[in-house]
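One structure is given below, encoded as structure tokens.
In my numbering, the protein residues as written are 494 to 846.
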């Protein structure tokens, strides 16, 4: 975080001024005031926020959150029970995706702007809910339909001919949408992605590619992912039943009828891969047997017709560095260290499969 963003990250102040700590898993709908008495907001024994000052700030550190209950160290601080949306599992993000996109548009954009040069044959529906960034190209025969939610298109984006975008939708800077794409409501694309096929209510983090035909729905996709041509995922059971997800050794009921999958950073699929409802693929997995991989693959899993093997750290790092060089980026020592730590932290889980 400190390397990617030129600001202080979790540098706790030794000051008498008030500090406000916010839980990054919480979806805040109202501002928590910085000023006020010391206070800890909790929900179901989970800290939502803490407003502290002086000596109490000095009692808090990242190590404390990992090894202790901070509330035990802050006796005397007022505890407030609140109810607020909180992310516990990846499907919570997917479930809130559409509504949050609408709220973000209202908060940061308020009213649409279409100022770039447009090709003939581009159609906008509900223009006030459409924002187009600078130096963006929208080619002929594209339809941007914001009647069901806002559409935000960033800077230097290319939307190729015959594409349909339904709101709510977000397309990040420098991304490319391939010809004939169908981006349905809830498509949320990070920067420098290349996306094609049919997408619905799916989040792609930056630098990921799904360039070819194939359906992805109700899914959460990490960074530096490459999805092979005609890869598809299921987001609905034939029984219309509750979708269950395997996380490690636990099988969890999601309570959702629609749910696709989660795919970790640096994971790749072969062409024609068919992914089952509620699947989870970890960090740096390589799926080269296209038909029905297991619903759960631990990080650094190499899945083929011969079953699951370990994707060695050396090989996975080598491939990740090649992928970054193709985007004119170099893996930093910090990123390589983090990559290695993920391998080490997930080793026990891989060995138990």
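By construction, the Cβ of each residue, glycine as well, lies at the ideal position given by its N, Cα and C atoms.
| Outcome for residue 677 when other beta-carbon atoms lying within 10 angstroms are tallied against a minimum of 16 | buried
| Going along the chain, which residues of its own chain have a beta-carbon closer than 8 Å to the beta-carbon of residue 804, five neighbours each way excluded? | 777, 778, 779, 793, 794, 795
| request: Determine the burial state of residue 786: buried for a count of at least 16 other Cβ atoms within 10 Å of its Cβ, exposed for fewer. | output: buried
| query | Can you list the beta strand (DSSP E) stretches of 3 or more residues lying completely in the stretch 540 to 594, in chain order? | reply | Under the rule that a run must span 3 or more residues, the beta strand (DSSP E) segments found entirely inside the stretch 540 to 594 read 571 to 574.
| said: At a threshold of 7 Å, does residue 803 count as lining the ligand MG (C-beta to nearest heavy atom)? | reply: Absent from the structure shown: the ligand MG. Ligands present: none.
| Counted within 10 angstroms of its Cβ, other Cβ atoms place residue 550 as buried (16 or more) or exposed | The residue is buried, with at least 16 neighbouring Cβ atoms inside 10 Å.
| Contact check, residue 754 vs residue 773, beta carbons under 8 Å | yes
| said: Please report the distance separating the alpha-carbon of residue 815 from that of residue 808. | reply: 11 Å
| Of the residues 828, 630, 766, 734, the one placed nearest residue 671, counting alpha carbons only | 630
| request: Just confirm the distance between the C-beta atoms of residue 492 and residue 686, as a whole number of angstroms; I'd bet it's less than 8 Å. | output: Examination of residue 492 is not possible in this model, given that the chain is present from 494 through 846 alone.
| For the putative contact between residue 737 and residue 771, defined by C-beta atoms under 8 Å, what is the C-beta separation to the nearest angstrom? | 6 Å
| request: Could you tell me the boundaries of the alpha helix (DSSP H) in which residue 618 lies? | output: Premise fails: residue 618 lies in the beta strand (DSSP E), 616 to 618, not in any alpha helix (DSSP H).
| field | Nearest to residue 527 (by Cα), restricted to the options 747, 515, 519, 536 | value | 515
| query | With C-beta atoms as the reference, is residue 756 less than 8 Å away from residue 729? | reply | no
| Residues near residue 704 by beta carbon distance below 6 Å, same chain, minus five either side | Leaving aside the five residues that flank residue 704 on each side, the residues in its chain whose CB is nearer than 6 Å to its CB run, in chain order, 671, 687, 689.
| request: Pick out the complete alpha helix (DSSP H) segments inside the stretch 719 to 750, 4 residues or longer, and give them in chain order. | output: none
| message | Let's test the definition: count the other Cβ atoms within 10 Å of the Cβ of residue 573 and tell me whether it reaches 16, buried, or not, exposed. | response | exposed
| said: My parser needs the alpha helix (DSSP H) runs of 4 or more residues fully inside the stretch 618 to 644; what are they? | reply: none
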